[in-house]
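A.B. asks:
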Amino acid sequence: SYIATGGMIPQGADSVIKIEDVLVDSAKNEIVITSPIPKGWHVRFRGGDMKSGDIVLQNGTLLTPFAVGALANLGQMAVNVVQKPRVAILTSGDELVMPFEDPKPWQIRDSNSLTISSQVSELGGVPMILGITKDNVEQAVRKIKFACDVANVVVTCGGVSVGEMDPFIAAFQEMNAEKRVHGVAIKPGKPFFFGLIKGKPIFGLPGNQASSAITFELFVRPFLKRMLRCQNPDRRIIYLPLNQPSFNSSDRDLFKQAKFFTKEQNTFAYILEKQESHLRTSLLEMDILVRHPRGISELAPDQMVECRLLNS
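If you read the sequence shown in our numbering, its first letter stands for residue 5, the second for the next number, and so on.
#1: State the start and end residues of the unbroken alpha helix (DSSP H) segment that holds Ala273.
#2: Could you name each continuous beta strand (DSSP E) segment of 3 residues or more that falls completely within the region 83-116, going from the start of the chain to the end?
#3: With respect to the alpha helix (DSSP H) encompassing Lys149, which residues constitute its N-terminal and C-terminal limits?
#4: If you draw a straight line from the C-alpha of Glu34 to the C-alpha of Val28, how long is it?
#5: Out of Pro249, Lys267, Cys152, which has the shortest C-alpha to C-alpha gap to Gly199?
#6: Less than 8 Å between the C-beta atoms of Lys263 and Asp291, yes or no?
#7: Can you tell me which of Phe259, Ser19, Cys234 puts its alpha carbon nearest to the alpha carbon of Ser216?
#8: So the alpha helix (DSSP H) Val294 belongs to, where does it begin and stop?
#9: If you compare alpha carbons, which of Ser117, Val72, Asp170 is closest to Asp98?
#10: In whole angstroms, give me the CA-to-CA distance for Phe196 and Arg298.
#11: Quick one: residues in its chain with C-beta nearer than 6 Å to the C-beta of Pro3, no 5 flanking neighbours on either side, listed in chain order?
#12: Along the chain, which unbroken stretches of the alpha helix (DSSP H) at least 4 residues long are found entirely within the region 177-242?
#13: Where DSSP assigns a beta bridge to Thr9, which residues make up the other side?
#14: Take His46 and list the residues in its own chain whose beta-carbon comes closer than 6 Å to its own, dropping the five residues that flank it on each side.
#15: Determine the extent of the alpha helix (DSSP H) in which Gly73 is found, giving its start and end residues.
#16: Can you tell me whether DSSP reads Gln15 as helix, strand or coil?
#17: Can you tell me where the alpha helix (DSSP H) with Leu288 in it begins and where it stops?
#18: Measure the CB-CB distance between Ile190 and Pro131 and report whether it falls below 8 Å.
#19: Which value, in whole angstroms, describes the spacing of the CA atoms of Gly57 and Ile37?
#20: Give every residue of the same chain whose Cβ lies closer than 6 Å to the Cβ of Ser165, excluding the five residues on either side of it in the sequence, and list them in chain order.
#21: Alpha carbon to alpha carbon, how far is Arg113 from Pro103? Give it in angstroms, no decimals.
#22: Looking only at its chain, what residues have a beta carbon closer than 8 Å to the beta carbon of Thr65, apart from the 5 residues adjacent to it on each side?
#23: Based on Cα-Cα distance, which residue from Ala31, Lys32, Gly16, Ile41 lies nearest to Lys22?
#24: Quick one, are the C-beta atoms of Arg239 and Leu314 less than 8 Å apart?
#25: Rounded to the nearest angstrom, what separates Pro69 and Pro237 at their Cα positions?
#26: For Gln213 versus Arg295, is the C-beta spacing smaller than 8 Å?
#27: Is it true that the CB of Val154 sits closer than 8 Å to the CB of Arg233?
#28: Name the DSSP bridge partner or partners of Asp29?
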């Protein structure tokens with residue numbers, strides 16, 4: 005009998021052979037099998053992939069194209085999903101202008117809004133850029149109130165240190181925010197703030213470019229992944245030998261931007277040269293964040309270090 009690929013096996017048959025592996029004698033309505041075939045050859049058995057009672061997708065599974073295909077295979081056209089968190093993004097600074105504007109000598113373009121927005125989108129959230137806040141506490145209060153009304157999470161950037169011109173931290177105080185964290189023992193990112201305003205999570209990130217990107221990675225990202233009920237909200241941690249020495253003279257854990265480096269078929273963590281918190285170019289190259297713990301002034305080449313995979 006002839007069947008198309010994927011067809012049901014006729015009653016009495018137990019194997020299938022590809023048509024290109026036989027000789028067809030049309031006159032005699034016969035075929036010649038040119039090589040032996042085992043029983044069950046090219047037969048796909050019912051339940052061989054999924055069977056009744058199997059759990060195909062766990063709670064917290066990201067609906068990738070392959071997961072959607074599995075649901076279609078089961079005829080499951082509707083599933084319960086978690087609502088994507090809406091994340092309001094506010095930046096502050098009299099010196100900031102929009103990215104499309106030409107800055108004056110005393111101004112800089114606001115790149116943090118789009119960076120954070122892209123980080124939110126990448127992990128499955130819905131970013132809401134609410135613009136630049138001047139160094140004015142009243143304006144900061146108004147914008148934070150609006151952000152709390154329209155979003156599930158609020159992320160501010162800049163204005164969270166202890167200076168007189170830091171409007172967000174002053175606004176948090178005026179709004180009676182429930183402060184949970186203000187200041188962390190890491191570098192970059194020491195001024196990081198986390199609190200609640202009427203139950204709404206508020207993240208205050210430092211304004212320097214590397215500081216805001218790294219504190220988002222360390223604190224905001226896993227929080228949002230947990231809101232999405234992802235099975236694995238945290239980045240993978242691996243250990244690699246250092247390619248060069250690393251120094252830490254501070255009383256904080258250093259998170260250094262690094263990339264993979266292969267030498268003589270061995271993979272190392274290569275710490276990038278530009279580590280200052282106001283610089284952006286190393287962010288373009290980094291694959292990993294290397295943690296240099298406080299209390300250890302120097303890590304030697306080939307010493308194993310903790311590496312956070314940024315593409316996991």
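All residues carry an ideal CB built from backbone N, CA and C; glycine is no exception.
C.D. replies: Looking at the atomic coordinates:
#1: In the sequence shown, the residue the question calls residue 273 occupies position 269. Element bounds for Ala273: not the alpha helix (DSSP H) but the beta strand (DSSP E), 270-275.
#2: Correct list: 90-96.
#3: For the purposes of this step, residue 149 is taken as residue 145 along the sequence shown, with counting starting at 1. Residues 141-154.
#4: Position 30 of the sequence shown, counting from 1, holds the residue named residue 34. Position 24 of the sequence shown, counting from 1, holds the residue named residue 28. Approximately 6 Å, taken between the alpha carbons.
#5: The residue labelled residue 199 in the question sits at position 195 within the sequence shown. Taking only the C-alpha atoms, the option nearest Gly199 is Cys152.
#6: Along the sequence shown, read from residue 1 onward, the residue named residue 263 stands at position 259. Along the sequence shown, read from residue 1 onward, the residue named residue 291 stands at position 287. A distance below 8 Å separates the beta carbons of Lys263 and Asp291.
#7: For the purposes of this step, residue 216 is taken as residue 212 along the sequence shown, with counting starting at 1. That would be Phe259, whose Cα lies nearest to the Cα of Ser216.
#8: Taking the sequence shown and counting its residues from 1, one reaches residue 294 at position 290. Residue range 292-296 is occupied by the beta strand (DSSP E) that includes Val294, with no alpha helix (DSSP H) assigned at that position.
#9: In the sequence shown, residue 98 corresponds to position 94, counting from 1. Among Ser117, Val72, Asp170, the Cα nearest to that of Asp98 is on Asp170.
#10: For this step, residue 196 is matched to residue 192 along the sequence shown. For this step, residue 298 is matched to residue 294 along the sequence shown. Taking the Cα positions, Phe196 is about 18 Å away from Arg298.
#11: The structure shown does not extend to residue 3, since the chain is modelled only from 5 through 316, so no value can be given for it.
#12: Within the region 177-242, the complete alpha helix (DSSP H) runs of at least 4 residues are 213-219, 225-231.
#13: For this step, residue 9 is matched to residue 5 along the sequence shown. In DSSP, Thr9 forms no bridge with anything.
#14: Against the sequence shown, residue 46 aligns to sequence position 42. These residues qualify, in order along the chain: Val20.
#15: If you number the sequence shown from 1, residue 73 lands on position 69. Taken as a continuous stretch (DSSP letters only), the alpha helix (DSSP H) holding Gly73 covers 69-77.
#16: By one-based count along the sequence shown, residue 15 stands at place 11. Three-state result, Gln15: coil.
#17: The residue labelled residue 288 in the question sits at position 284 within the sequence shown. Counted as a single uninterrupted DSSP element, the alpha helix (DSSP H) harbouring Leu288 occupies residues 285-289.
#18: Within the sequence shown, the letter at position 186 stands for residue 190. Within the sequence shown, the letter at position 127 stands for residue 131. The answer is no: Cβ separation not under 8 Å.
#19: Working through the sequence shown from its first residue, we reach residue 57 at position 53. Working through the sequence shown from its first residue, we reach residue 37 at position 33. Rounded to the nearest angstrom, the gap between the Cα atoms of Gly57 and Ile37 is 40 Å.
#20: In the sequence shown, the residue the question calls residue 165 occupies position 161. Taken in chain order, the residues that qualify are Pro195.
#21: Taking the sequence shown and counting its residues from 1, one reaches residue 103 at position 99. Taking the sequence shown and counting its residues from 1, one reaches residue 113 at position 109. Distance between the alpha carbons of Pro103 and Arg113 is about 5 Å.
#22: On the sequence shown, residue 65 is found 61 positions in, with the first residue counted as 1. Closer than 8 Å at Cβ, skipping near neighbours: Ala71, Gln235.
#23: Along the sequence shown, one-based indexing puts residue 22 at 18. For Lys22, the nearest C-alpha among the options comes from Ile41.
#24: Translated into positions along the sequence shown, residue 239 becomes position 235. Translated into positions along the sequence shown, residue 314 becomes position 310. Yes, the Cβ-Cβ distance between Arg239 and Leu314 is below 8 Å.
#25: Your numbering for residue 69 matches position 65 in the sequence shown. Your numbering for residue 237 matches position 233 in the sequence shown. Answer to the nearest angstrom: the Cα atoms are 20 Å apart.
#26: Counting from one through the sequence shown, the residue named residue 213 turns up at place 209. Counting from one through the sequence shown, the residue named residue 295 turns up at place 291. Arg295 sits away from Gln213, with the two beta carbons spaced by 8 Å or more.
#27: Within the sequence shown, residue 233 is the residue found at index 229, counting from 1. Within the sequence shown, residue 154 is the residue found at index 150, counting from 1. Not closer than 8 Å, so no.
#28: Position 25 of the sequence shown, counted from the first residue, corresponds to residue 29. Asp29 is bridged to Glu34.
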